[in-house]
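Below is one structure, written out as structure tokens; the observations come after it.
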Amino acid sequence: MNQPGTAAPAAAKALPLPAARTEWMLRAVLVGERIDTRGLGAAAGATTTPVILQASEGGVAFVFRYGVVVLAGFDAVAERRMLDSLRDRIVAPEETPTTEEVAVVLNGEENDAGTATGAVVLRDAPLESLQIVANVLSKSVVLAHQEIAIAAALDRIEPFVFQLRDRGGVVTRGSALLRQVGHVLSAMQRMAVRVEAEDKPDLLWDHPQLERLHARLTDDYEIVERSRALGRKLTLINESVTSLLQVVDTRRALRLEWAIILLIAFEILLTLYELFIRRAH
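Each residue of the sequence shown is one higher than the one before, starting from 14 at the first, in this note's numbering.
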């Protein structure tokens, strides 16, 4: 599944993280609609949600099946090499990947003067703590991508909604409207249930001491609030699209009714004409 000449990254289940104070940049990249993680690192016993990979340079990658790779401790060259190694596993790659990043301090102190503003401080450096940060960051980048897609979908249907409000109908060719509706439905299909943002990671069952870290990060990134706001917007888009399609169907039905009425009128006129002609003869 890997590219020719590209070595597969190793599973990092038992990766020893730095023992001294270390600052890493965690970068989440939404690379596609889905990543096929079957067999990825399985030989070394890696977990499946997410798969954890170790790069030869020492960085750690968390690969989520819903299309996100979170890279920790990578420079630009190593990041590109890691993403290239996963390219054949990506379903529906993004032309312009959505990214999000956060600084993480391993073995740091909360009041450390050298800590960057907004950095996540982990007092110890277990892989599980880093995985919790990666999990929340991966959901945040998916939500950011969905927010952009929903805004674009609303922009597409907004002119037709305004026409319906101001003129009582949609003043455009039916095919043009249907094309725009098709774009909206395609966007909704790609967004639908890619990730359950409000679900807690399974890791918390085995490590309940990480519950506070997960809750704090979830609040910081407003995961629940953003997820519910997206749900409301999806409902609005669905109702708007349904109403517009009903308008199109009603207009087509009205045209069909008028065509039938005209045909009946023509038949009546033809019958009357034939009657008059016969009387004249």
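Ideal placement from N, C-alpha and C gives every residue a C-beta, glycine not left out.
Pick from the options that is closest to residue i, judged by C-alpha positions
i	options	result
ILE145	ALA278, ALA85, GLN176	ALA85
LEU30	ALA228, VAL42, ASN120, LEU99	ASN120
ALA32	LEU135, ARG239, ALA164, ARG51	LEU135
VAL115	ALA162, LEU230, LEU39, ILE161	LEU39
ILE236	ASN251, ASP212, SER256, GLU107	ASP212
TYR234	ILE277, LEU177, SER151	SER151
ARG264	ALA228, LEU177, GLU280, ARG291	LEU177
ARG100	ASP88, LEU53, PHE87	LEU53
PHE87	PHE175, TRP271, GLU36, GLY131	GLU36
Under the three-state DSSP convention, the category residue i falls into
i	result
LEU9	Residue coverage of the chain in this structure runs from 14 to 294, which leaves residue 9 outside it and unanswerable.
PHE77	strand
GLY45	strand
GLY58	No answer about GLY58 holds up, because its pLDDT of 42 lies below 50 and its placement is not dependable.
VAL206	Any reading at VAL206 must be qualified, since the residue scores a pLDDT of 46, below 50, and its modelled position is unreliable; no value is offered.
THR50	coil
ALA91	helix
GLU114	strand
ARG34	coil
LEU84	strand
ARG136	coil
Beta carbon of residue i nearer than 9 Å to that of residue j
i	j	result
VAL81	VAL117	no
VAL83	ALA41	yes
VAL133	LEU230	yes
LEU223	GLU92	no
ILE65	ARG102	no
Exposed unless 16 or more other CB atoms sit within 10 angstroms - verdict on residue i
i	result
GLY72	buried
SER153	buried
LEU69	Before going on, a small fix: residue 69 reads as Ser here, not Leu. SER69 comes out exposed.
ASN148	buried
LEU143	buried
VAL254	buried
ALA266	exposed
GLN67	buried
PRO221	exposed
Any C-beta of chain D under 9 Å from that of residue i
i	result
LYS246	Absent here is chain D; the protein component of the structure consists of one chain.
Whole-number beta carbon distance between residue j and residue i, since they are thought to touch under 8 Å
i	j	result
ALA163	LYS246	The residue you asked about is not Ala; residue 163 is Ile in the sequence shown. Confirmed, Cβ separation roughly 5 Å.
LEU156	ALA210	6 Å
ALA165	ILE250	About 11 Å separates the two Cβ atoms, so there is no contact after all.
ASP215	THR109	Not quite, the Cβ-Cβ distance comes to about 31 Å (not below 8 Å), so this is no contact.
ARG78	THR50	5 Å
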